[in-house]
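Worksheet: one structure, shown below.
Protein chains: 2
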Amino acid sequence: MTTRRVRARRGEGPLLREEILRAAEDLLAESGTEDALTLRAVALRAGVSTPSVYLHFTDKEALVEAVCLRVWGEFSRLFTENLGGDPFLALGRCARAYARFALDHPVQYRVLMMRPSAAPGVPPAAAECFRQMVNAVAACVETRVFEGDPEEVALGLWSAVHGCVSLLIAQPEFPWPRDREALINQIVRMAGFGTALYSRLPAKLPPSRELAADLDTFGAHLARDR
Amino acid sequence: MTTRRVRARRGEGPLLREEILRAAEDLLAESGTEDALTLRAVALRAGVSTPSVYLHFTDKEALVEAVCLRVWGEFSRLFTENLGGDPFLALGRCARAYARFALDHPVQYRVLMMRPSAAPGVPPAAAECFRQMVNAVAACVETRVFEGDPEEVALGLWSAVHGCVSLLIAQPEFPWPRDREALINQIVRMAGFGTALYSRLPAKLPPSRELAADLDTFGAHLARDR
DNA sequence: CCGTCAGGTTAACGATGTCAATCTGAGCTC
DNA sequence: GAGCTCAGATTGACATCGTTAACCTGACGG
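In order, the protein sequence lines correspond to chains Y and D.
Numbering (numbering that gives the first Met the number 0) for the first sequence: 0 to 225.
Numbering (numbering that gives the first Met the number 0) for the second sequence: 0 to 225.
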């Protein structure tokens, strides 16, 4: 913890990099706020002097970026785990897993998604993660539940889920329903069915009341036993 | 600008509060990053010494909070402007206006929505703004396009739009479509129709391919001339 | 004309990110 | 085993930040 770290042996310098990263992650998770992520605090926790951090990270931003890469990796793992079966249902499982992870690691999610990204370009880990989202969507396009460009559709779905969890995290004082799981479900279904539906609709809509009646009919049609 | 401010006359102390707020807003808008919002920079811009800010704001957080209140007010104004006519269409207009404002004022939006809110409770201006969202949704429940608790539905719709603009702002490097207006439209339609649809669907869904066929039929049904 | 006190200012503190200069000891050579 | 070397650190300092305490000042009522 505060105990001084024994100096690494020759050739094992990079070990410190891992230890610093771990210290940073622990600090984030335990403190519950990114303000606690000070170079001094991280270094102290790693049992090392403050400027030693600069041996492995060019600046604080780079350290934070490295922490983020791990989170992207975690999301990738989650997506891989939840694939398989009907693509539409699989996509829903992925979205729910994403939301659950974000809500379970609010500080990390905040750092990942709500920080002005200084580095230009999409980090490879993030690109890989997004690629998985796009693939899952593409599978739905294949079965024709979705239509359109998988990348654009994926961005839309991601927007919906991210919006929900990021609002939950950043604006916790709003009158959220008590059951977060149910809210996530609502959002995921909204996004899924909305995406499936909107591309099929005519440009000119009927007035609200007529639309409502049509939707009722459609719902009843789907509910018929098959 | 940098010119020293003439001392306010007796009883006109609060004038400085306004000038400081203006200086802070200008600084945010011009610099393009919240990092530029330093007490020293704000004070300099207001033509006043740094600790003078403390005469009107208990700390930096309070200053930022005050800036946010203005943005909430702006959203309220936007909503009021876009009401009227068919509730479903009005809601869409409000959502589009919200998104447009956010994208036109990215730094302000970031400060408003992506900053850990220190003050407990929802600020009145934010509550008022949310009340307007809920009202607009309630009107849609009235015409039966939407079903369920207006507050929960409003949170869902807000999530979708917020998710889109906040991702656009925080992750600009992702492969967003060139036409932002079109993307916003996609999201708004997705959220609107998804919300209208999902509560009417049976718990057990048909497999993707059958669902796709049903949606096609429904789309064609809506497109029939009436 | 003079005292008061609203409306400021000056000077300083501790914390933070960052950098230049310095130390140190593990492992090679002889 | 003595001595050299340089990877792997440390020390000390700087500028900037938010914040506080102590002090100044000049417009206005008496």
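Using N, Cα and C, we set each Cβ at its ideal position, and we do this for glycine too.
Please list the partners that residue i has in chain Y, where partner means a Cβ-to-Cβ separation under 9 Å.
i      : result
V121/D : Q170, E172, F173 and P174
V10/D  : The question names Val, but residue 10/D is Gly in the sequence shown. Simply none; closest approach about 36 Å.
Going along chain Y, which residues have a C-beta under 8 Å from residue i?
i      : result
P86/D  : S207
Q185/D : E151, G155 and Y197
R188/D : G193, Y197 and L200
How about residue i and residue j: do their beta carbons lie closer than 9 Å?
i      : j      : result
V133/D : A159/D : no
Q185/Y : V121/D : no
S243/Y : L15/Y  : This structure cannot speak to residue 243/Y, because chain Y is shown only from 0 to 225.
S44/Y  : A22/Y  : The identity of residue 44/Y in the sequence shown is Arg, whereas the question assumes Ser. The answer is yes: Cβ separation under 9 Å.
A211/Y : T37/D  : no
W157/D : G162/Y : yes
V63/D  : R114/D : yes
V144/D : F87/D  : yes
F217/Y : F217/D : yes
A137/D : P149/D : yes
E80/D  : A96/D  : yes
Our contact map puts residue i next to residue j with C-beta atoms below 8 Å; I'd like the distance itself, whole angstroms only.
i      : j      : result
F129/D : F173/Y : 7 Å
V164/D : A101/D : 4 Å
D215/Y : R199/D : 6 Å
V106/Y : E33/Y  : 6 Å
L221/Y : P201/D : 6 Å
C67/Y  : L111/Y : 5 Å
L167/Y : R177/Y : That belief does not hold up - the Cβ atoms of L167/Y and R177/Y are roughly 12 Å apart, past 8 Å.
A135/D : A89/D  : 6 Å
Just the chain D side, please: which residues come within less than 9 Å of residue i by C-beta, in chain order?
i      : result
H220/Y : D213, T216 and F217
V144/Y : S207, R208, L210, A211 and L214
A32/Y  : First, the amino acid is wrong: residue 32/Y is Thr here, not Ala. Neighbours of T32/Y on chain D, chain order: P115.
Taking Cβ-Cβ distances shorter than 7 Å, what residues in chain D pair up with residue i?
i      : result
E150/Y : P174
C139/Y : S207
M113/Y : M113 and A169
S158/Y : A159, G162, C163, L166 and I186
Return the CA-CA distance between residue i and residue j, expressed in angstroms with no decimal places.
i      : j      : result
P206/D : G193/Y : 17 Å
Y197/D : S75/D  : 28 Å
G91/Y  : G191/Y : 8 Å
L26/Y  : G46/Y  : 13 Å
A124/D : R223/Y : 47 Å
G12/D  : G31/D  : 30 Å
A28/D  : R109/D : 12 Å
G147/D : T49/Y  : 54 Å
A98/D  : A195/D : 21 Å
A7/Y   : S116/Y : 32 Å
C139/Y : G84/D  : 36 Å
G72/D  : R39/D  : 27 Å
M0/D   : A65/D  : At M0/D the pLDDT is 49, less than 50, meaning the model places this residue with poor confidence; the figure from the coordinates comes in the next sentence. Straight-line Cα distance between these residues: approximately 21 Å.
Q131/D : G10/D  : 37 Å
R208/D : L82/D  : 39 Å
A304/D : H104/Y : Any answer about residue 304/D is impossible in this case: the structure gives chain D only from 0 up to 225.
W175/Y : V5/D   : 48 Å
K203/D : A219/Y : 13 Å
E18/D  : D58/D  : 16 Å
L54/Y  : M189/Y : 48 Å
For a contact meaning CB atoms closer than 7 Å, what does residue i contact in chain Y?
i      : result
F129/D : F173
A135/D : Chain Y residues near A135/D: none, gap ~12 Å exceeds 7 Å.
S75/D  : The contacting residues do not exist; S75/D stays about 15 Å from chain Y at best.
Run through chain D and tell me which residues come within less than 8 Å of residue i, C-beta to C-beta.
i      : result
H161/Y : G162, S165 and L166
Task: Unbroken stretches of the alpha helix (DSSP H), 4 residues or longer, contained in the region 49-73 of chain D - done: Counting only runs of 4 or more, we get nothing.
- [ ] Tell me the start and end of each unbroken alpha helix (DSSP H) in the region 175-224 of chain D that is at least 4 residues and wholly inside, in chain order.
- [x] Entirely contained in the region 175-224 of chain D, the alpha helix (DSSP H) runs reaching 4 residues are, in chain order, 179-197 and 207-222.
- [ ] Entirely within the region 104-174 of chain Y and at least 4 residues each: give me those alpha helix (DSSP H) ranges in chain order.
- [x] Listed in chain order, they are 105-113, 123-141 and 149-169.
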